[in-house]
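Chains as they are written, first to last, in our numbering: chain C, 40 to 353; chain U, 51 to 350; chain V, -6 to 538. For each residue, glycine too, the CB sits at the ideal point set by N, CA and C.
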């Protein structure tokens, strides 16, 4: 057991290292010299040199990399090229809203997706199954920005029930915070719900065909007990993995949803930074994202190992 | 090496094909599955519409010669006209063409590279496998849309660069999946017997392992094509899609959302085309898996 | 045009308006309503009230209080020379917290703002400025001549202040050879030679507190003298202003009435429109045209100060021949751009000059749209094309539509183009580096003051410019105008020459006026009057019902 955990942790290290190298290269892959671009056309060569020193671009690459890793370790994520605001400050402002959005979307996805997928898995080819397909298409077939605009149009403009933009911190006003979260979370969560429902359906359907289900039935357990206690429990493992893997889709979805609903957040920060060529922000937020990802996947892996003893023995 | 069993006679050539050939057998199963059939039909219609777009339309997609802007659907303009007096019917069909071409090519390239990568790593094993997989894990840690966004920003907005970006972020997923499949099949008996018979690794991988491993990979291909269309739509939303005046489905919907109140037809028809495309791909994804599986299992 | 350019000629004659202002400052204590009435008298000549869409309440008394909720799409840029460079991303911070020493309030006659004395010598080679006593910045520091001169020094040598950027006012700033500070509030400027249009410079140059400029660079503080005080900026999210209780023109105008102004940044124009429609916003300076069209009664269109134009690189092999360029000029369907893309908010125009400018030519308000003529010109020039001409544009929806429309116009006369989109940041870099290869669309301002100012300050007219246009006629016109009074008949003759080459040997193709509709919500009152220079709305007259 311990060796499994340690083994997995050790494996994460080279992954982190390689990912950091990949992120590091982003800045240096730009066509042209970043110092030139940032300094502008009217800068004298002397000014460009000064800027290059400032950005540390004149040292050999390995030195630059090591220095950057050192800065990261100290928690120095650099300063925005455009505004001079420290990246840590920007992250403090952007991380909580995105976490709220992700959490709310996951809640919606789990609450809708798991039950829907379970029923469809237990009764394949039934009306529920077709309903699930319809739901999948409805949510996946409509691009999220269109869905967002339609929701806004319906609920904010026409009905006036919910706000059209902005974010309120739950610490300031929990109710208003949820009102601002409702539409974005629905827009992001329904797509996720469809994905979760489909995976749940597949795994539950497979589980239902297993022998232990027949045994459970033979024991006299009622239907829903069979499903929940046995089929669903065994399906949880792949579902946990899928939920962790969907983090990437959440981030991608947040990029669009935060823009459509004008919420502050990580997605918006990264996209604006990429479009503004603010490489320091891009570099630092990417590495944070990547670290989070790897950690979450590691946790899922470990959970997988904990939940399914067979995995550990491999 | 054919032994004949008198009890097992086929009633027709078709039946023999279906029972013995993996390809035709899977196809047969696919068509018998109502979801698979629906998916195939819809996709076929869409691909046909895209290929024959010039023949099926009577206006050019980029010419601004309609009599007015924002005209509702009519016989002359079945899907109406847009803000620059262009025919939306032909723009939708040509946009479908662009979206299909983009997603099919990018995913084909990405999946092929990824599968080669994964099969190689899985077959060879050892430290080569370990290194390659760590690399793949590192790349998988980047959200797809963000990598695509970064690549398109660096290279400039155009369909070609969007395709490159999508191919790029498809590779790691396919590599990981195909490696998993390879690992599952690698230690099975038929591989050992093939090796004992003196077959080389390439032959083993492509002739024996691949057919068994292919089912979930094809499912993944279908799903990735669907997600490629979505990613390119998101890029259009961010202003980094195709070059004007060309249309893509995502681009059309993006412009349409600015004109929702004026022109209900503008998002409706391209949106329907997009939804049908994604629907058919999703249906096929599951159905293909169901169709090939019996054949895969049998050969183990 | 009631246009007393006496100040430019070095004499100062009081105008009726100054008298009124003087009277109220002397302590008559006229009620705010009364002063608003005074302002209305000048409506006819008010340079900024271009559109015929008055706010519904005629002369209600303004209410104090309330926060105006504004929106913009791009984020602020304060690190490349703000406030001494005018950037499109800074509409609110350009307008609310900062002021120049003189203004063109409703005509091109300067009115004194921070200065109480603004006198040129007879040959206009030097200028004496005396600041009003007792003026303070938002942080309480007194306004001194040093602060005033600091801006000029920064524009002349930005590197000395750690700034990298290009400044529209460079030509003007470099004309100032010496700034002699005579006392805490008095400065004497000596120019490199007699300069006819220096008032235009001082009407645009803001005065900010020198000692706290470092904070301005990092977006932490702006210490100007304007009616609203910069409170906070959260990058990418929100920008807030509060009323300046000590505004030096408060007694004068009664305002500002608003408690504050709050500006939110929207990444998506449609999201901004939906927020407006659901009642969350009061002011959109750049609304989507369709939204403005839906709410025509709530829009105001400022008088144009320049053009949205298509630039042409005259060194591109296909564009060298002036006949080809004239053909392109006449091929653009300007009425369609105004009617379809602009939702009929502007007026068709072919010149950068507004009607108040001495260079204005009524004949250039015709559409000059004649594709048949274009085809003839191309035939004359022996038009043959091997490759499509590259055509750069920004990726924002409005520019994409405009570029597509023009592409179709050009195609109709036989010119093939290839559209090249760039996101706004990349586009600006290409613009600044003058690397457009063929055609491009963008816009410019600054054509509403002395025409010579336009030629010196506005990028596409400068020498050198992005079109690499160096016609000897144009260079001669510029040289001549430097010696002539902008209103004189001799100058007008030069303007006539310019307007001729503008069409016969063009390097810029006019598309539409550079100002579009500005949209307010139903509770906004008093919005819709603009200063001529700086070209901002009179936010101190705005109140909420």
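List, in chain order, every chain V residue whose beta-carbon is nearer than 7 Å to that of residue i.
i	result
residue 215 of chain C	Chain V residues near residue 215 of chain C: none, gap ~13 Å exceeds 7 Å.
Using the Cα positions of residue i and residue j, report the straight-line distance between them to the nearest angstrom.
i	j	result
residue 200 of chain C	residue 271 of chain V	10 Å
residue 31 of chain V	residue 107 of chain V	Model confidence at residue 31 of chain V stands at a pLDDT of 27, short of 50, so the residue's coordinates are unreliable and nothing is read from them.
residue 136 of chain U	residue 217 of chain U	32 Å
residue 324 of chain U	residue 402 of chain V	31 Å
residue 280 of chain V	residue 52 of chain C	50 Å
residue 292 of chain V	residue 198 of chain V	29 Å
residue 327 of chain V	residue 481 of chain V	32 Å
residue 527 of chain V	residue 309 of chain V	36 Å
residue 298 of chain U	residue 280 of chain U	11 Å
residue 101 of chain C	residue 185 of chain U	19 Å
residue 532 of chain V	residue 71 of chain V	21 Å
residue 252 of chain U	residue 265 of chain U	20 Å
For chain U, is any of its Cβ atoms less than 8 Å away from the one on residue i?
i	result
residue 99 of chain C	no
residue 332 of chain C	yes
residue 512 of chain V	no
residue 231 of chain C	no
residue 342 of chain C	no
residue 328 of chain C	yes
residue 283 of chain C	no
residue 416 of chain V	yes
Please compile the residues from chain C whose C-beta is within a distance smaller than 8 Å of the C-beta of residue i.
i	result
residue 317 of chain U	185
residue 341 of chain U	The contacting residues do not exist; residue 341 of chain U stays about 15 Å from chain C at best.
Measuring only between beta-carbons, confirm whether residue i sits less than 8 Å from chain C.
i	result
residue 194 of chain U	yes
residue 34 of chain U	It is not possible to answer for residue 34 of chain U, since the shown part of chain U is limited to 51 through 350.
residue 72 of chain V	yes
residue 303 of chain U	yes
Within 8 Å (strictly less), CB to CB, does residue i reach chain V?
i	result
residue 207 of chain U	yes
residue 155 of chain C	no
residue 290 of chain U	yes
residue 25 of chain C	Here chain C comprises residues numbered 40 to 353, so residue 25 of chain C is not present and cannot be evaluated.
residue 117 of chain C	no
residue 323 of chain C	no
residue 114 of chain U	yes
Whose Cβ in chain U lies nearer than 7 Å to the Cβ of residue i?
i	result
residue 400 of chain V	295
residue 333 of chain V	119
residue 367 of chain V	Residues of chain U passing the Cβ test: none, with the nearest at roughly 17 Å.
residue 287 of chain C	193 and 194
Taking residue i as the query, report the chain C residues whose CB atoms sit under 7 Å from its CB, ordered along the chain.
i	result
residue 280 of chain U	182
residue 353 of chain V	None at all; the shortest Cβ gap to chain C is about 33 Å.
residue 287 of chain U	184 and 295
List, in order along the chain, the chain U residues whose C-beta lies closer than 8 Å to that of residue i?
i	result
residue 549 of chain V	Residue coverage of chain V in this structure runs from -6 to 538, which leaves residue 549 of chain V outside it and unanswerable.
With residue i and residue j assumed to form a contact (beta carbons below 8 Å), what rounded beta-carbon distance in angstroms separates them?
i	j	result
residue 218 of chain C	residue 303 of chain C	Between residue 303 of chain C and residue 218 of chain C the Cβ distance is about 16 Å, and since that is not below 8 Å, they are no contact.
residue 423 of chain V	residue 385 of chain V	7 Å
residue 318 of chain C	residue 120 of chain C	6 Å
residue 138 of chain U	residue 129 of chain U	4 Å
List, in chain order, every chain C residue whose beta-carbon is nearer than 9 Å to that of residue i.
i	result
residue 68 of chain V	121, 122, 311 and 315
Listed in chain order, which residues of the stretch 164 to 193 of chain C have Cβ atoms closer than 7 Å to some Cβ of chain V?
188, 191 and 192
For the stretch 120 to 136 of chain U, which residues have a beta carbon sitting closer than 7 Å to at least one beta carbon of chain V?
133 and 134
Can you give me, in chain order, the residues of the stretch 306 to 336 of chain U that have a beta carbon less than 7 Å from any beta carbon in chain V?
307, 308, 309 and 312
If contact means a Cβ-Cβ distance below 8 Å, which residues of the stretch 210 to 221 of chain V contact chain C?
210, 211 and 212
Using a Cβ-Cβ cut-off of less than 8 Å, give me the residues of the stretch 77 to 107 of chain V that come near chain U, in sequence order.
none
Taking any Cβ of chain U, which residues in the stretch 281 to 308 of chain V have a Cβ under 7 Å from it, in chain order?
281 and 283
At a Cβ cut of 8 Å, what residues of the stretch 219 to 238 of chain V count as close to chain C, listed as they run along the chain?
227, 228, 229 and 230
Which residues, in chain order, does the stretch 261 to 273 of chain V contribute to contact with chain C at a C-beta distance below 8 Å?
261, 263, 264, 265, 267, 268, 270, 271, 272 and 273
Chain U contacts made by the stretch 40 to 58 of chain C, where a contact means CB separation under 7 Å:
53, 54, 57 and 58
Taking Cβ-Cβ distances below 8 Å as the criterion, which residues of the stretch 195 to 214 of chain C are in contact with chain V?
195, 196, 199, 202, 203, 204 and 205
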